[in-house]
Amino acid sequence: MNADHPEYSDDEHSDSEEPLPSDADEVAPNGEPEVASDDEPLELSPESFDLEDQNLDEDIFAPPKRPKAMPGPGLPEALAWTIGVFVVQMMAGMALMIFIILRELATGGPRGLNPAAMQNMVKDNTLLLTGGGLTLFTMATIVATVLRLGIRDSGRRLGSQLSIEHGLLIFCAAIPVSLVIGQFHSVVDSVWNLIVEQAPALELFDGLKQTEFIVPLAEQSTLPMLVLIIAVYPALSEELIFRGVIGRGLLARWGIVPGIMITSFLFALMHLHPALVVALFPLAILIHLLYLATRSFLAPVMLHFMNNAFASLMIKEPNLINVEGFGDESPIPLALLATAVVCVVFVGLRIKATRVVWQLEDGSTWSPGYCSAERPTDDVNASRQRLVSSPMTLVLALIGIASFWGYLLVLALN
């Protein structure tokens, strides 16, 4: 191992064993120079410089600049995607509502089209409207994502490999994350209620609370159906849109900090209610950092799914865990919240310390020329590696996990 480069632990090698292209490959068969695609790094070699034609005042030995053609979407297209989320969901809901009205008329039991009848009709068909709408929306999202990223390149650009250790860490820390975000939401919601008392006109936003449809949805659904609607569909569709498409372009064009901030804000904004928007913003940042550290689309989907699945379980079975704050709106014990925070921090440090990189044959790290979680193209001979970290980060992660789950078990048994 070259001492000039960080140590790596073996993970997986890319499927391709093709050698790196030689200088002779720089000219296409038709005699015209090849142009790098949007998603390939700009490569400059010493042979590409003619010193006699260069202005010696220029720093010709400076590092290569980023590719001229950066992947999208940019900010305007990202806003269009966000608006499209609302439009597609609205269109799906309207189509299903028309179907419900026609079905009522066909069965000979019309309730009329007055507001009260329409409200009862919506409440009685919450499962069809919500479940059917999210099914259509998720299908549309998958198609749109594949078309935007490329039919052949979608998997490569999203990244699909997740190490066993990272998967186990996410699994153990998902519920602590959910509890911390849930308590933060409770605080933000209390502040929001105080604001509404001073400005009653803002009470209109309370009609956007998710409880308005989740309660009747839970009454009409079995637990597996509720998990499918609340956890599976949102985890897949929202991660595809915001981490897979929007985040990819914004991070490439704006950089890691502005890119994550803008993407996370758009993700939170999609949930409409001001208190929920504020509460979900830090969760969105955490999910995006997890995506970049693992370079696997499965990681954000897994955390998102487990967060929503836990909420579904508590809605359907509020007495399953006999601990204060589980299944109701009361705050959880402060000591349990502290162990949850410790668990999330220590697990996060471990994942950061063992983050994934793609290592070239010479020991250097591959990059497409911009911040991205994608893997190299098949013609690049690179292997997937996780940075080797001090065992202390693993010990701290295990201490955090054991402290939370151990204390939760003690509370549940008492």
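As numbered in my numbering, residues 793 to 1206 make up the sequence shown, in order. For every residue, glycine included, the Cβ atom is placed at its ideal position computed from N, Cα and C.
#1: Report the rounded CA-to-CA distance for N985 versus G1140, giving the unit in angstroms.
#2: Check whether chain D comes within 7 Å of L1000, counting only Cβ atoms and requiring the distance to be less than that.
#3: Does DSSP put L1028 in a helix, a strand or coil?
#4: Between T874 and L1058, what straight-line distance do the alpha-carbon atoms span, to the nearest angstrom?
#5: Contact between the stretch 1011-1022 and the stretch 1088-1104 is defined here as three or more beta-carbon pairs at a separation below 8 Å; is this criterion met?
#6: Please tell me whether T1146 and R1176 are closer than 7 Å, where the distance is taken between their beta carbons.
#7: Looking only at C-alpha atoms, which of V972, V1115 and S1029 sits nearest to L1078?
#8: Assuming L950 and G876 are in contact, meaning their beta carbons sit under 8 Å apart, how far apart are those beta carbons, in whole angstroms?
#9: Determine the contact status of P1074 and L1082, defining contact as a CB-CB distance below 7 Å.
#10: Taking V1134 and S1181 to be in contact with their CB atoms under 8 Å, please state how far apart those CB atoms are, rounded to whole angstroms.
#11: Note down the Cα distance separating E773 from T937, rounded to an integer number of angstroms.
#12: Tell me whether the beta-carbon of L994 lies closer than 7 Å to the beta-carbon of A870.
#13: Spatial neighbours of T933 within its chain, please: C-beta separation below 7 Å, excluding the five flanking residues on both sides.
#14: Consult DSSP for W1158 and reduce its assignment to one of helix, strand or coil.
#15: Residue range of the beta strand (DSSP E) that A774 falls in?
#16: Considering Cα atoms alone, identify which of A965, R895 and T922 is closest to R1142.
#17: Can you give me the start and stop residues for the alpha helix (DSSP H) that Q975 sits inside?
#18: How many whole angstroms separate the CB atoms of M862 and R1045, which I take to be in contact at a CB cut-off of 8 Å?
#19: Evaluate I956 with the Cβ neighbour count: other Cβ atoms within 10 Å of its Cβ, from every protein chain shown; 16 or more gives buried, anything less gives exposed.
#20: Can you name the residues that DSSP bridges to V1149?
#21: Please say whether K1108 and L1015 have beta carbons closer to each other than 7 Å?
In brief:
#1: If I take the Cα positions, the gap works out to 33 Å.
#2: Of the protein chains in the structure, only one exists, and it is not chain D.
#3: In the three-state DSSP reduction, L1028 falls in the helix class (H, G or I).
#4: In this structure, the CA atom of T874 is about 7 Å from the CA atom of L1058.
#5: Contact between the stretch 1011-1022 and the stretch 1088-1104 is present: 3 or more CB-CB pairs across the two stretches fall below 8 Å.
#6: Not closer than 7 Å, so no.
#7: Distances from the CA of L1078 to each of V972, V1115 and S1029 were compared; the closest alpha carbon is that of V972.
#8: Rounded, the Cβ-Cβ distance is 19 Å, inconsistent with contact.
#9: Contact: no.
#10: S1181 and V1134 do not touch by the CB rule: their CB atoms are close to 18 Å apart, not below 8 Å.
#11: For the chain, the structure presents residues 793 to 1206; residue 773 sits outside this window and is missing.
#12: No, they are not a contact pair.
#13: Cβ contact annotation for T933 (same chain, cutoff 7 Å, sequence separation greater than five): S1029, L1032 and I1033, in chain order.
#14: Here W1158 carries a coil assignment [DSSP, helix/strand/coil].
#15: Since the first residue of the chain shown is 793 and the last is 1206, residue 774 is not available in this structure.
#16: A965 is the residue among A965, R895 and T922 whose C-alpha sits nearest the C-alpha of R1142.
#17: Unbroken alpha helix (DSSP H) run through Q975: I956 to Q990.
#18: Going by Cβ atoms, the distance from M862 to R1045 rounds to 5 Å, so yes, they are a contact pair.
#19: Exposed, by the Cβ-count rule.
#20: V1149 pairs with Q1177.
#21: Their beta carbons are under 7 Å apart, which means L1015 touches K1108 by this criterion.
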